Amino acid sequence: MDQIKVKVERRNVGYSVFIGGSILSGLSDYLRKNHANKKIVVITDETVSKLYKENFFNKLDAFNPYVIILPFGEKIKTRETKNKIEDTLMEKKYGRDSLIIAIGGGVIGDLAGFVAATFNRGIPIMHIPTTLLAMIDSSIGGKTGVNTRYGKNLIGSVLQPSAVFADLNFLRTLPDEEFLSGLAEVIKIAITSDKELFSIIENDYEKILAKDEGVLLKIIKRSIELKKEVVEKDETESGLRQTLNFGHTIGHALEAHFNYKIKHGFCVSIGIAAELKISALCGILQADEQRIVSLLDKLKLPTKINKDINADKLIGYMVSDKKTLNEKPHFVLIKDIGTIKSEGKNYSFEVDGGIINKAIEMCKND
Ligand code: NAD
Ligand code: GLY
């Protein structure tokens, strides 16, 4: 089992991310050692609960958890679901001595994390990510939140978890499209921070698609290390953490446009292609655009915007995005793989509306 320690000094907190296959055998010991007197609340979704009832959830019975099983999917990541969970916990007399364990993908992690961040003014959370995306991205770094009809993750908070158990065995049951959706975030962090990781994915893409466990462990571990480095330097997204939003300004607009029916990673993949085009049109990106788009294509990730989508409507969604300043969408701009434009502590830049519009038009399918 590998272990990566994340330290967020401004909060004086640190936690371990345990990574490997079959690592959940260590969970009971971990809970007894670190959370002996806690009342445990498990939050999961119906798919994960059904798949892992026998082989995993029953191992938690010894801790007498209160288990909340939610429907699956982005649609439940709302203030309404959060209210319902909180009301249930209060009705069942759960208080400050509770520990939430989120078992699922990014939807469950973000929602359960937001409940933990505000319940009784804050209780601890542990993440057991069960999707690739949640293992390498959403379970690390503390961002929590819910969507509103105005856009993605507009209400939320930051709460660093007390531990993360990323057990690769969960990936065995993950549908291919969910796996690919997670790969989009691996590619994003490779583009923004690590040329070498990008080359590994390029060279081993067939093994990755075949879910070769050795290669998967390597790219998952490296992605977590890269995210840790960013979060440790800038938990609050006042600088370097902005880079993690690459592909997300357009990605989030597409998600809102499709009413959250298209997977996050697929929208991010299209967002990566379109934001590379913006970087090129701004004269920042010289080469590498085709190399990146070609890797996304090889991995069967989408890179084209549907021709029927109105560019101005999409820009309208971007204006409601959290990253917007003075009602102007901001973008992370790529110089080449592993290098991003920065000015002092700033990594996110206003781009002329005409360029955004042109990039969207150029990325449309025929
Ligand atoms: P998800 O949580 O909806 O999970 C995808 C689907 O896979 C669900 O239907 C789920 O039931 C199913 N599933 C989960 N684990 C499974 C398994 N092991 N086997 C079979 N099926 C399984 O989606 P996601 O892609 O994990 O997360 C997307 C969310 O993460 C978005 O809401 C996004 O905004 C958020 N996100 C948050 C951060 C952050 O820093 N907090 C970062 C990136 C993304
Ligand atoms: N996934 C974006 C972030 O954690 O900042």
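Those letters in the sequence shown? Residues 96 to 461, per the numbering used here, in order. A virtual CB, placed ideally from N, CA and C, is assigned to each residue, including glycine. Here the structure is a predicted model, which means the values were calculated and not measured.
Is any non-hydrogen atom of ligand 2 found closer than 8 Å to the C-beta of residue 238, if you look at the structure I gave you?
yes
Please indicate yes or no: does the CB of residue 116 lie closer than 8 Å to some heavy atom of ligand 1?
no
Check whether the Cβ atoms of residue 396 and residue 279 sit closer than 9 Å, and answer yes or no.
yes
Just how far apart, CA to CA, sit residue 122 and residue 334?
35 Å
Same chain, Cβ closer than 7 Å to residue 377, neighbours up to 5 away in sequence not counted
428, 446 and 450
Nearest-angstrom Cα distance between residue 408 and residue 324?
36 Å
Evaluate the contact criterion for the segment 201-219 versus the segment 167-177: three or more CB pairs, one atom per stretch, below 8 Å.
yes
Below 9 Å between beta carbons: does that hold for residue 319 and residue 198?
no
Under DSSP, the alpha helix (DSSP H) around residue 152 begins and ends at which residues?
No alpha helix (DSSP H) contains residue 152, which DSSP labels as neither H nor E.
Among all the DSSP beta bridges, which residues are the ones paired with residue 134?
193
According to DSSP, what are the bridge partners of residue 160?
Residue 160 is not bridged to any residue.
Would you give the residue range spanned by the alpha helix (DSSP H) that residue 221 belongs to?
Not the alpha helix (DSSP H): residue 221 falls in the beta strand (DSSP E), residues 220-224.
Could you check whether the Cβ of residue 393 sits closer than 9 Å to any Cβ belonging to chain C?
Of the chains in the structure shown, none is chain C; there is only one protein chain.
Determine, using beta carbons only, whether residue 119 and residue 151 come nearer to each other than 9 Å.
yes
Considering only DSSP beta bridges, list what residue 39 is partnered with.
The displayed coordinates of the chain run from 96 to 461. Any statement about residue 39 would go beyond what the structure contains.
For the pair the segment 338-349 and the segment 412-432, tell me if three or more CB-CB distances fall below 8 Å.
yes
Counting only runs that start and end within the segment 251-321, where is the alpha helix (DSSP H) found for 4 or more residues in a row?
271-288, 290-298 and 300-304
Could you check the C-alpha separation between residue 194 and residue 146 for me, to the nearest Å?
23 Å
Reference residue 133; option with closest CA among 196, 403, 311 and 432:
196
Does the pairing of the segment 234-254 with the segment 288-299 give three or more beta-carbon distances under 8 Å?
no
If we ignore side chains and look at the alpha-carbon of each, how far apart do residue 253 and residue 137 end up?
20 Å
Nearest-angstrom Cα distance between residue 435 and residue 283?
12 Å
Would you please state the rounded distance, in angstroms, between the beta carbons of residue 222 and residue 281? I believe it to be under 8 Å.
Incorrect: roughly 18 Å between the Cβ atoms, too far for contact.
So, residue 432 versus residue 383, is the Cβ gap smaller than 9 Å?
yes
With respect to 8 Å, is the separation between the Cβ of residue 338 and the closest non-hydrogen atom of ligand 1 below this value?
no
Just how far apart, CA to CA, sit residue 343 and residue 359?
9 Å
First and last residue of the uninterrupted alpha helix (DSSP H) at residue 407
406-414
Measuring only the C-alpha atoms, how far is residue 437 from residue 337?
10 Å
Is it buried or exposed for residue 102, if we count other Cβ within 10 angstroms and need 16 for buried?
exposed
Alpha carbon to alpha carbon, what distance is there between residue 426 and residue 464?
As displayed, the chain neither begins before 96 nor continues past 461, which places residue 464 out of reach and without an answer.
What's the call for residue 268, buried or exposed, on a 16-neighbour Cβ count within 10 Å?
exposed
Per-residue DSSP class, three states only, for residue 97
strand
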